[in-house]
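Chemist: Have a look at this one before I ask anything.
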Amino acid sequence: MPIDLFNVASNLIVLGLLEGAIYSLFALGLSLIFGVMKIFNIAHGDMGILGGYLCYWVFVMYGIDPILALVLVLPLLCLIAFCVQRFMINPAIRDPRFQIIASVMITYGIALCISNQEIIIWTPDWRSLTLPYSYLSYSIFGLTLNITRVIVLLFTVAVTIFLLVLLRTKFGKALRACTQDREVSMLMGINFGKLAWVAFAIATAISGIAGMLYTLSHTFYPAVGLVLTIKSLTVMVFGGMGSISGAFVGGILLGVAEAVVAFSLGGEYRDLVSFLVLVMVLLFKPTGIFGKVFLVPK
Amino acid sequence: MVLLEGKGLTKRFGGLLALDKVDFTLEKGQILGLIGPNGSGKTTLFNVITGFYRTDSGIVRYKGRDITRLSPDKICRLGISRTFQLVKPFYSMNILENVTTGGVFGKTQNRTMKEVEEETLDILKFTNLYEKRNQPVTGLTAIDKRRLELARALATRPEVLLLDETAAGLNPVEAETLMEQIKKIRDKGITIFIIEHVIKVIMPISDRVMVFDYGKKIAEGKPEEIANDRKVIEAYLGVESFA
Amino acid sequence: MFRFKVSKTIIGHLVAILCLIPVPYVIPGYTAYVIQLLMYISMSIGWNILGGYLGDLSFGHAAFFGVGAYTVAMLDYYGICHFSPLNILLGGLLSMFIAASIGYPFLKLRGFYFAIGTLGLAEILRVVYKDLLRDYTRGARGILVPTITPYTIQPYYYAILALTFGIMLVAGAIVNSKLGLAFRAIRDDMDSARMSGINATAHRILGFSISAFIVGVIGGFFVYYTGYAHPEGVFSQVISFELLIMVYFGGVGTVLGPIVGAIIVFIVEEVGRALIQQGYLLLLAIMLIIVFILMPGGVVGTVTKKTPFINPLRARRRKLIGSA
């Protein structure tokens, strides 16, 4: 029946959209780090999920709502990111000859370390968050949305507005300048060190939020961090790095594609979509589909 | 006899037309020079001939055979070799090994290691690198890098040698030596196609000279004719010079 | 020029292998450790052929380990073939086949893209073996393979010893041959290599295939030895990372590097596991940092004062730098 089909389709699209929103947030953080510091942070997804795990933990231990827990978790996450950045990544990439290999390898190692720690502390079992209000749902435009989805939507909108505003400030302009040409920006008087820092902190915070959103709306497990990193890379490569709209377009497309595949073929094929898309894009059009992706600076 | 020729070669990079329906012919035993302002498509032509770039249209023929779509290594094994403007030697090897690589994989492959090495030593002597042959290539002077590049190209036993700005930055004495070397290479039977900015080097040794501007060939002829060609002077110095 | 080097290396390897022959009888308690160590050594050598000699860093080599492992497991489980050497060989061959078939498009990538591509490949294969082919591979439950000789460990030991020696021979043969020269040239500068007459793509596919074969074979052996094939275990990123760190710490691109690195990483892992249990991965990460700060050439590279393997993770460059 056509109406049923429409219902199913629109539900799929909306769900896919909201899934994709989370991917977009991750991708934004990743491309921010990459654009400014030219580091491809393989540990990005793991950091985000760590944030999710921490929120989960706070909730389980102290009963504090995970969303509120963000207030505590995000600074902690940024602190961890700072330590990782300063004591592990920076020393490794000091020699400019090895900068890219070293950054990729060391972040790979860090990703493994983080997921390993998660396995130790929280066991590799799949977990999920059930909040006292998890059963609430709303009806919007004829679609039923669970409250977690609505939360995801709200946060995504908030972060987007934040970023759009940020980019218009002086800081944002400096950020864009550094993305394009670090040396010239420094010659123009931009304090790169501090800027890189703040950018990293912002990116980590965004991924922490995305991680929390993910744990809110999915069952999660330690290894999902790397999967999320790969998905963010797919989004980045698909939508072009450095543009907010690109990240969203890519993320939403990925989310919808996954929803369709999960619906038609089964949930376990979900992750496969992004891996395949990534490999396909890398093989056939590594410069990205929509935008220019300078995945490797000259 | 026409050894190498190109017809209608066109290459676009996005909006930039790097080569615009370029024709050229290279006669056996000749030295053909190619000059033109920066960005006029000279190296692009070399890249197209040697298979590093794919042409958008046009054809390259070597000894009558269509080589337009062949890969660089195949083209090398057929007998066309080139030097790169920015020399990037095999950094983990010393000079001898660098040149030997060209000899091992170049045109004639069924030789024993000993034969290759002997020929390599001759080439090193020819390019004044013999004494330094066991030095690692990291930290070579720019001139020695050029010599190395020439040696490597020669080691592949080419019939056609494409030289890309080998004289840049040389002092008059070195330039003189280079010109002698090029003439000797020609005397050995190798046909040469040379890109050069240094007019003093290219004019005396070339049999014919082509001039490029904005991807088009704007003049071709004997060096003396080209030197006095109005279009050429305009391309280099601008139209106002005649005002 | 070349022949002298071959003798020296081969003799060295032979001596080492000969020394190892009496282990199960002299220090029987440690046989299991040495088996594990030999597996590490041979896999590192395999990885080094692609990453060190050829310069294509693979971040997902566990893909081939897993394929080799599952091939053996499935051949045995379905009773198709119980002849272990053949199964292991087939495991290696399937890995090699996969490498060769995806090799052509994959090797259009270079450096960074290639690394991420291999990472993606390992993950894809993990999901494929775990979910897609669930009906055939028993999914996450894994496949149990009955041990061939339940009471004696010697056959396993000598099998892996022989395999390791064979792999060392292969690597040694490559290094000092025309093939090795081509590999090095491609690693150092692909454009110059092509212009010297080297078919870079064909060589890289070959290197990829050989490397995949080696690791696949060890994967097959692993299943016979431990008796269990399981997607999270055999396609694990930890394996991929361990290979990376072993070769880099030991000295990427050198002949002895992977061996030295494997030994050191093995020791660190065992000690780490005893002391801080699961946190030993952190030690490995720290070792990696040490490599980049102090000794980019790895242990072997620094000791022999060779130029460290400088191959910034370049993306594929079709454009040549410098044009007029």
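Residue numbers (numbering that gives the first Met the number 0), protein chains in the order written: chain A, 0 to 297; chain B, 0 to 242; chain C, 0 to 323.
Note that the Cβ used here is the ideal one computed from N, Cα and C, for glycine as well.
What residue from C:ILE48, C:GLY54, C:ALA98 has the CA that sits closest to LEU124 (chain C)'s CA?
Modeler: Along the third sequence, one-based indexing puts residue 124 (chain C) at 125. Measuring from the Cα of LEU124 (chain C), the nearest candidate turns out to be C:ALA98.
Chemist: Mark HIS81 (chain C) as exposed unless 16 or more other C-beta atoms lie within 10 angstroms of its C-beta, in which case mark it buried.
Modeler: Translated into the one-based positions of the third sequence, residue 81 (chain C) becomes position 82. HIS81 (chain C) is exposed by the Cβ-count criterion.
Chemist: Within 9 Å (strictly less), CB to CB, does ILE204 (chain C) reach chain B?
Modeler: Taking the first residue of the third sequence as position 1, residue 204 (chain C) is located at position 205. Closer than 9 Å: no.
Chemist: Listing by chain order, which chain C residues have their CB less than 9 Å from the CB of ARG151 (chain B)?
Modeler: Locating residue 151 (chain B) in the second sequence gives position 152, where the first residue counts as 1. By Cβ distance, chain C contributes SER191, MET194, SER195.
Chemist: Candidates B:ILE184, B:LEU33, B:LYS106: which alpha carbon is nearest PHE23 (chain B)'s?
Modeler: On the second sequence, residue 23 (chain B) is found 24 positions in, with the first residue counted as 1. Nearest option by C-alpha distance: B:LEU33.
Chemist: So which residues on chain C does ALA200 (chain A) lean against when the C-beta distance must stay under 7 Å?
Modeler: Locating residue 200 (chain A) in the first sequence gives position 201, where the first residue counts as 1. Correct list: empty, because the minimum Cβ distance to chain C is about 22 Å.
Chemist: Between VAL264 (chain C) and GLU241 (chain C), what straight-line distance do the alpha-carbon atoms span, to the nearest angstrom?
Modeler: Numbered from its first residue, the third sequence carries residue 264 (chain C) at position 265. Numbered from its first residue, the third sequence carries residue 241 (chain C) at position 242. Using only the alpha carbons, I get a separation of about 8 Å.
Chemist: For ASP134 (chain C), which three-state DSSP category applies?
Modeler: Translated into the one-based positions of the third sequence, residue 134 (chain C) becomes position 135. In the three-state DSSP reduction, ASP134 (chain C) falls in the helix class (H, G or I).
Chemist: State the DSSP-derived secondary structure class of TYR103 (chain C), mapped to helix, strand or coil.
Modeler: Numbered from its first residue, the third sequence carries residue 103 (chain C) at position 104. Three-state result, TYR103 (chain C): helix.
Chemist: Are the segment 92-110 of chain B and the segment 34-47 of chain B in contact at 8 Å, needing three or more beta carbon pairs?
Modeler: no
Chemist: Starting from LEU74 (chain C) and walking both ways along the alpha helix (DSSP H), at which residues does that stretch end?
Modeler: In the third sequence, residue 74 (chain C) corresponds to position 75, counting from 1. Taken as a continuous stretch (DSSP letters only), the alpha helix (DSSP H) holding LEU74 (chain C) covers 61-76.
Chemist: Check this for me: beta carbons of THR155 (chain B) and CYS75 (chain B), under 9 Å apart or not?
Modeler: Position 156 of the second sequence holds residue 155 (chain B). Position 76 of the second sequence holds residue 75 (chain B). Contact flag set, yes.
Chemist: Give the residues from the segment 62-95 of chain A that approach chain C closer than 8 Å (Cβ to any Cβ), ordered along the chain.
Modeler: MET87, PRO90, ALA91, ILE92, ARG93, ASP94
Chemist: Would you mind sorting TRP125 (chain A) into buried or exposed? The rule is 16 or more other CB atoms within 10 Å of its CB.
Modeler: By one-based count along the first sequence, residue 125 (chain A) stands at place 126. The residue in question, TRP125 (chain A), is exposed, as its Cβ has fewer than 16 Cβ neighbours within 10 Å.
Chemist: Smallest Cα separation from VAL200 (chain B): which of B:GLN180, B:THR190, B:LEU85?
Modeler: Residue numbering aside, residue 200 (chain B) sits at position 201 when the second sequence is read from its first letter. When only C-alpha atoms are compared, the closest one is B:GLN180.
Chemist: How should PHE3 (chain C) be labelled, buried or exposed, when 16 other C-beta atoms within 10 angstroms of its C-beta is the threshold for buried?
Modeler: By one-based count along the third sequence, residue 3 (chain C) stands at place 4. Here the model assigns PHE3 (chain C) a pLDDT of 45, short of 50, so the residue's position is not dependable, and the following value carries that caveat. Its Cβ having fewer than 16 others within 10 Å, PHE3 (chain C) is exposed.
Chemist: Determine the DSSP secondary structure at ILE275 (chain C), reduced to helix, strand or coil.
Modeler: Counted from its first residue, the third sequence places residue 275 (chain C) at position 276. Three-state result, ILE275 (chain C): helix.
Chemist: Measuring straight from C-alpha to C-alpha, what distance separates GLU254 (chain B) and THR233 (chain A)?
Modeler: This structure gives no information on residue 254 (chain B), because the portion of chain B shown stretches from 0 to 242.
Chemist: Touching or not, the segment 118-136 of chain C and the segment 226-240 of chain C, by the rule of three or more beta carbon pairs under 8 Å?
Modeler: yes
Chemist: Which value, in whole angstroms, describes the spacing of the CA atoms of LEU312 (chain C) and ARG109 (chain C)?
Modeler: For this step, residue 312 (chain C) is matched to residue 313 along the third sequence. For this step, residue 109 (chain C) is matched to residue 110 along the third sequence. For LEU312 (chain C), the predicted model reports a pLDDT of 42, less than 50, meaning its position is unreliable and no value from the coordinates is stated.
Chemist: Determine contact between the segment 191-202 of chain C and the segment 69-87 of chain C, defined as no fewer than three beta-carbon pairs at a distance below 8 Å.
Modeler: no
Chemist: What residues of chain C sit near ASP124 (chain A), judged by a beta carbon separation below 7 Å?
Modeler: Stepping through the first sequence from its first residue, residue 124 (chain A) is reached at position 125. What ASP124 (chain A) touches in chain C: nothing, since even the nearest Cβ is about 13 Å away.
Chemist: Can you pull the chain C residues whose beta carbon is under 9 Å from the beta carbon of PHE274 (chain A), in chain order?
Modeler: Reading the first sequence from its first residue, position 275 is the one you call residue 274 (chain A). By Cβ distance, chain C contributes GLY119, LEU120, GLU122, ILE123, VAL126.
Chemist: Between the C-alpha atoms of PRO171 (chain B) and ASP143 (chain B), what's the straight-line distance to the nearest angstrom?
Modeler: Here residue 171 (chain B) refers to the residue found at position 172 when the second sequence is read from its first residue. Here residue 143 (chain B) refers to the residue found at position 144 when the second sequence is read from its first residue. Taking the straight line from one Cα to the other gives about 16 Å.
Chemist: Check each residue of the segment 102-116 of chain C: if its Cβ is closer than 9 Å to any Cβ of chain A, include it; give the result in chain order.
Modeler: Listed by position along the chain: PRO104, PHE105, LYS107, LEU108, GLY110, PHE111, TYR112, PHE113, ALA114, ILE115, GLY116.
Chemist: Out of C:ALA273, C:ILE142, C:LYS177, C:PHE248, point me to the one whose CA is closest to PHE291 (chain C)'s CA.
Modeler: Stepping through the third sequence from its first residue, residue 291 (chain C) is reached at position 292. Of the listed residues, the one whose Cα sits closest to PHE291 (chain C) is C:PHE248.
Chemist: Helix, strand or coil: how does DSSP classify GLU4 (chain B) here?
Modeler: Along the second sequence, one-based indexing puts residue 4 (chain B) at 5. DSSP places GLU4 (chain B) in strand when its eight states are reduced to three.
Chemist: Do we get a CB-CB distance below 9 Å when we pair GLN116 (chain A) with the residues of chain C?
Modeler: Sequence index remark: in the first sequence, residue 116 (chain A) carries index 117 (1-based). Taking 9 Å as the threshold, the shortest C-beta distance from GLN116 (chain A) to chain C falls below it.
Chemist: Run the proximity test for GLU117 (chain B): is its beta-carbon closer than 8 Å to any non-hydrogen atom belonging to the ligand ZN?
Modeler: Judged by which ligands are present, the structure shown has none, so any question about the ligand ZN falls away.
Chemist: Going by DSSP in three states, ARG60 (chain B) sits in which element: helix, strand or coil?
Modeler: To locate residue 60 (chain B), count along the second sequence from 1; it is residue 61. Three-state result, ARG60 (chain B): strand.
Chemist: Taking 9 Å as the threshold (C-beta atoms), are SER23 (chain A) and PHE247 (chain A) in contact?
Modeler: Within the first sequence, residue 247 (chain A) is the residue found at index 248, counting from 1. Within the first sequence, residue 23 (chain A) is the residue found at index 24, counting from 1. The answer is yes: Cβ separation under 9 Å.
Chemist: Give a yes or no on whether 9 Å exceeds the smallest Cβ distance from VAL210 (chain B) to chain C.
Modeler: Numbered from its first residue, the second sequence carries residue 210 (chain B) at position 211. Output row for VAL210 (chain B): interface = no.
Chemist: Let me know if PHE5 (chain A) comes out buried or exposed under the rule of 16 or more other beta-carbons within 10 Å of its beta-carbon.
Modeler: The residue you call residue 5 (chain A) lines up with position 6 of the first sequence. Answer is exposed; the Cβ neighbour count stays below 16.
Chemist: Determine whether the beta carbon atoms of ILE150 (chain A) and ILE88 (chain A) lie at a separation below 9 Å.
Modeler: Here residue 150 (chain A) refers to the residue found at position 151 of the first sequence. Here residue 88 (chain A) refers to the residue found at position 89 of the first sequence. The answer is no: Cβ separation not under 9 Å.
Chemist: Short of 7 Å Cβ to Cβ, which residues in the segment 258-292 of chain C face chain A?
Modeler: Under the 7 Å Cβ criterion, the segment 258-292 of chain C contributes GLN277, LEU280, LEU281, LEU283, ALA284, LEU287, ILE288, PHE291, ILE292.
Chemist: Does any C-beta atom of chain C lie closer than 9 Å to the C-beta of VAL295 (chain A)?
Modeler: Here residue 295 (chain A) corresponds to residue number 296 of the first sequence, with the count starting at 1. Model confidence at VAL295 (chain A) stands at a pLDDT of 36, short of 50, so the residue's coordinates are unreliable; what they give is reported in the following sentence. Closer than 9 Å to some Cβ of chain C, the Cβ of VAL295 (chain A) qualifies, so yes.
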